[in-house]
Amino acid sequence: MSALVALTGCGGGGKAKDDGVASIKDPSGSGASAKATADADSGRPQLRVDTSNEEATRLFAVWTACLHDKGVPGAHKPGAGDTWFIDGPAAKYPAQYKACLSKQPLQPPEEDPDKNPHYVDDFRAWVKCMNDKGMKVHMIPDRSAGRDAFSWTYNEGYVPTVSETEGYKIQDDCKRKAFSGDN
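Note that the numbering used here has the sequence shown beginning at 5, numbered continuously upward.
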């Protein structure tokens, strides 16, 4: 029921923007790491905590259509009402991913452990909220992006007691509440 997207950063251009968020990647305070990240992310669509599923799907569809057009296998070019998916790994198709990077949406900064100093607490609040609403889930480490982050999975033996649609609504409502500081 949960889909997490691992973002890669390469290429891009434009002027770096100071978003006023402290970075743990650059303990020297020189700003070098923050500037490199900002340059790579410049111009990319930015998802917000309150971005609707429909809007996120539309933005990701633009990115996957680009990958499809560049020849990445399994990159589905969505039609009306379709969802997006990618089967071709970035490591195998670096030129194609780099060519489409400007269309790849950025996850909300609140959901980025490198940008949100309260990320772990917020993630815990998200999982607690889902559990409080009947979804039996727990946190798991997620090193897919090469950093300390988390994902969640259903508890072993859990049989959903809510519909898939209601599960998505609970997941989204709880995430919005946890990562927007409303917990």
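Backbone N, C-alpha and C fix where the C-beta goes; we use that ideal spot for every residue, glycine too.
Report all residues from its chain with a CB closer than 6 angstroms to the CB of residue i; omit the five preceding and five following residues, and keep chain order.
i, result
"residue 120", "114"
"residue 137", "174"
"residue 127", "154"
So, helix, strand or coil for residue i, using DSSP?
i, result
"residue 100", "helix"
"residue 158", "strand"
"residue 146", "strand"
"residue 153", "strand"
"residue 124", "helix"
"residue 141", "strand"
"residue 108", "coil"
Using a Cβ-Cβ cut-off of 7 angstroms (strictly less than) and excluding sequence neighbours within five positions of residue i, which residues of its own chain qualify?
i, result
"residue 141", "131, 134, 135, 156, 157, 158 and 159"
"residue 117", "123, 151, 152 and 153"
Could you tell me the alpha carbon to alpha carbon distance between residue i and residue j, rounded to whole angstroms?
i, j, result
"residue 75", "residue 111", "24 angstroms"
"residue 65", "residue 161", "34 angstroms"
"residue 179", "residue 144", "16 angstroms"
"residue 167", "residue 54", "22 angstroms"
Thinking C-alpha only, which one of the options is nearest residue i?
i, options, result
"residue 71", "45, 139, 53 and 98", "98"
"residue 46", "169, 107 and 166", "107"
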